[in-house]
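In this text, residue positions in the sequence shown follow the working numbering: the first is 7, and each later residue adds one.
For glycine and all other residues, C-beta sits at the position ideal for the given N, C-alpha and C.
Owing to the predicted nature of the structure, the values given are computational and were not obtained by experimental measurement.
Below is one structure; the comments refer to it alone.
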Amino acid sequence: MRVRELGRFIRDQRASARLSLRKLSKLAGISNPYLSQIERGLRRPSAEILQAIAKALRISAETLYVKAGILEERTDVMDMASTIRRDPSLNAKQKQILLDLYNSFHGRSSAPKRASVRKVAAAKRPAPRKTTKPSTRPASRAKTRKAPAGRRTRRAG
7 MRVRELGRFI RDQRASARLS LRKLSKLAGI SNPYLSQIER GLRRPSAEIL
57 QAIAKALRIS AETLYVKAGI LEERTDVMDM ASTIRRDPSL NAKQKQILLD
107 LYNSFHGRSS APKRASVRKV AAAKRPAPRK TTKPSTRPAS RAKTRKAPAG
157 RRTRRAG
């Protein structure tokens, strides 16, 4: 029965998102008892309710539709690389960046690997040491006291 699978899936997604039943029901805009019944496989939610739950869980509504049996799971394989290459609104550099990014998610590389750069030890600066002595300010930053009224002060110059 797909309704139970759907309920378990929603419960697992809610748990991984660290949401309580009440919090998810509030975010989705449905009642707490109704969401509980969905999770236990007692109710079959409508597409609108599934969409609200998906939005609250930040997952694809299509995923919930497939679990509920509203949609069939996609079996067609889309060639993303050729789709990116055919896009006339992108220039060559943009296409290459998108292909590299896409391939990085799939563990493939479309470009040859670059040699790793070694850091030179001399380029690193040592971290400043902490001292227990009070720091002395330069003369230009020294705080000046105002002279009492009636007295003149001489500035060294």
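- Quick one: what does DSSP say Ser116 is sitting in, helix, strand or coil? Any reading at Ser116 must be qualified, since the residue scores a pLDDT of 49, below 50, and its modelled position is unreliable; no value is offered.
Item to complete: Taking 7 Å as the cut-off, decide whether the C-beta atoms of Tyr108 and Met86 are in contact.
Response: yes
### Message
When you compare the region 15 to 27 with the region 51 to 69, are there three or more beta-carbon pairs, one atom per stretch, that lie closer than 8 Å?
### Response
yes
For a test of the three-state rule: what should DSSP assign to Gly168, helix, strand or coil? With the chain covering 7 to 163 only, the question about residue 168 has no answer from this structure.
**Asked** Cα separation between Ser42 and Ser88?
**Response** 44 Å
Cut-off 6 Å between Cβ atoms - residues of its own chain near Ser122, not counting five sequence neighbours on either side
Because Ser122 carries a pLDDT of 48, less than 50, the predicted location of this residue cannot be relied on, and no value is offered for it.
Per-residue burial, Ser31 [other beta carbons within 10 Å of its own, 16 or more giving buried]: buried
Around the Cβ of Ala53, are there at least 16 other Cβ atoms within 10 angstroms (buried) or fewer (exposed)? exposed
Worksheet item: Curious, which full-length alpha helix (DSSP H) runs of at least 4 residues does the region 46 to 78 contain?
Response: 53 to 63, 67 to 74
**Request:** Assign Asn109 to one of three DSSP states: helix, strand, or coil.
**Result:** helix
- [ ] Kindly give me the distance between the Cβ atoms of His13 and Ile55, rounded to whole angstroms, as I take these residues to be in contact under 8 Å.
- [x] Position check: residue 13 holds Gly in this sequence, whereas His was assumed. Between Ile55 and Gly13 the Cβ distance is about 12 Å, and since that is not below 8 Å, they are no contact.
>> Can you tell me whether Ala74 is buried or exposed? The criterion is at least 16 other CB atoms within 10 Å of its CB, across all chains shown.
In response: buried
### Message
Arg46 and Val9 - do their beta-carbons sit closer together than 7 Å?
### Response
no
> CB-CB under 7 Å to Asn38, same chain, minus the five flanking residues each way: which ones, in chain order?
Replying inline: Leu27, Arg28, Ser31
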